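Student:
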Amino acid sequence: MKTLISLSALILLAACASHTPYGPAKSSGAAGYETQKIETNRYRVSYTDRDAGRSHDMALLRAAEITQLDGRDWFEITGGYTDQDGARSDSRNSVSVGGSTGSRGRSGVGVGVGFGIPVSSSGGSVTTVIDIVTGENPKPDRPSVYDAMSVDINLRGNAP
Numbered sequence: 158m159k160t161l162i163s164l165s166a167l168i169l170l171a172a173c174a175s176h177t178p179y180g181p182a183k184s185s186g187a188a189g190y191e192t193q194k195i196e197t198n199r200y201r202v203s204y205t206d207r208d209a210g211r212s213h214d215m216a217l218l219r220a221a222e223i224t225q226l227d228g229r230d231w232f233e234i235t236g237g238y239t240d241q242d243g244a245r246s247d248s249r250n251s252v253s254v255g256g257s258t259g260s261r262g263r264s265g266v267g268v269g270v271g272f273g274i275p276v277s278s279s280g281g282s283v284t285t286v287i288d289i290v291t292g293e294n295p296k297p298d299r300p301s302v303y304d305a306m307s308v309d310i311n312l313r314g315n316a317p
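FYI, in the working numbering the residues of the sequence shown are 158 to 317.
1) Taking the beta carbon of glycine 189 as the centre, do at least 16 other beta carbons fall within 10 Å, making it buried, or is it exposed?
2) Taking its Cβ as the centre, do 16 or more other Cβ atoms sit within 10 Å of methionine 215, making it buried, or is it exposed?
3) Which class does glycine 189 belong to by DSSP, given the choice of helix, strand or coil?
4) Starting from arginine 299 and walking both ways along the beta strand (DSSP E), at which residues does that stretch end?
5) Of the choices Leu217, Trp231, Lys183 and Thr177, whose alpha-carbon is the least far from that of tyrosine 238?
6) Can you say whether isoleucine 195 is buried or exposed, counting buried as having 16 or more other CB atoms within 10 angstroms of its CB?
7) Closer than 8 angstroms by C-beta to isoleucine 223: which residues in its own chain qualify, once you throw out the five before and the five after it? Chain order, please.
8) Going by C-alpha to C-alpha distance, which of Arg229, Gln241 and Ala209 sits closest to lysine 296?
9) Ordered along the chain, which non-local residues of its own chain (more than five positions away) have a Cβ less than 8 angstroms from that of glycine 314?
10) What do you reckon, are the CB atoms on glycine 281 and arginine 211 nearer than 9 angstroms?
11) Write down the C-beta distance between tyrosine 204 and threonine 285 rounded to the nearest angstrom, noting that I regard them as a contact closer than 8 angstroms.
12) In its own chain, which residues sit with a C-beta less than 8 angstroms from the C-beta of tyrosine 303, not counting the 5 before and 5 after it?
13) Counting along the chain, where does the beta strand (DSSP E) carrying glycine 292 start and finish?
14) Quick one: Cα of glutamate 293 to Cα of histidine 213, how far?
15) With which residues is threonine 239 paired in a DSSP beta bridge?
16) Can you round the beta-carbon distance between glutamine 241 and methionine 306 to whole angstroms, since I take them to be within the 8 angstroms contact cut?
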């Protein structure tokens with residue numbers, strides 16, 4: 158029994174810790190980034206991952222890369238959305254009370270406590286989509302404008 162619990166914990170830990178390395182998606186909707194040029198200096202960037210925070214950060218990192226590849230200094234997010242495909246976050250906690258009567262006239266009462274742990278399945282992906290416009294210095298002073306080099310430096314450590 159102890160071995161079974163240890164093995165289950167190890168599998169759960171491995172499932173939570175693993176993610177797809179940063180890079181292009183192998184197909185539409187697969188983990189990784191996709192980029193679409195809309196017009197000069199305007200792009201749509203998406204990143205799909207099992208983790209919403211990582212999906213957002215990696216979309217920003219890809220926007221920074223595109224900006225620098227374009228020979229520009231900054232990018233502005235002009236729109237976007239997040240799409241959760243099949244991600245389940247319906248874990249529930251519960252307390253149960255049960256009773257029974259045995260064949261020899263004995264009765265018993267039991268109390269059980271249960272909890273749910275959300276585990277992403279292969280269908281539980283999150284896609285962050287952002288529309289960006291790239292530009293050259295001086296950088297506008299708006300919260301939606303990011304310095305491409307700073308974003309790249311700060312988020313690169315999070316992209317294995």
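Backbone N, C-alpha and C fix where the C-beta goes; we use that ideal spot for every residue, glycine too. Just so we're clear, the structure is a prediction, and the values are computed from it rather than from any experiment.
Tutor: A quick look at the data gives this:
1) So glycine 189 counts as buried.
2) Methionine 215 comes out buried.
3) Correct three-state label for glycine 189: strand.
4) First-last for arginine 299: undefined, no H or E at that position.
5) Nearest of Leu217, Trp231, Lys183 and Thr177 to tyrosine 238, Cα basis: Leu217.
6) Here isoleucine 195 is exposed: its Cβ has fewer than 16 other Cβ atoms, across all protein chains shown, within 10 Å.
7) The residues are Thr192, Tyr200, Val202, Phe232, Ile289 and Thr291.
8) A check of alpha carbon separations from lysine 296 across Arg229, Gln241 and Ala209 identifies Arg229 as the nearest.
9) If we look at glycine 314 and ignore the five residues flanking it on each side, it has no Cβ neighbours.
10) No, they are not a contact pair.
11) Right, their Cβ atoms sit about 5 angstroms apart.
12) Cβ within range, chain order: Leu217, Ala220, Ala221, Trp231, Phe232, Glu233 and Ile234.
13) Where glycine 292 is concerned, the enclosing beta strand (DSSP E) stretches over 282 to 292.
14) Whole-angstrom Cα-Cα distance: 24 angstroms.
15) As a beta-bridge residue in DSSP terms, threonine 239 pairs with Thr285.
16) Contact flag wrong, Cβ pair sits at about 31 angstroms.
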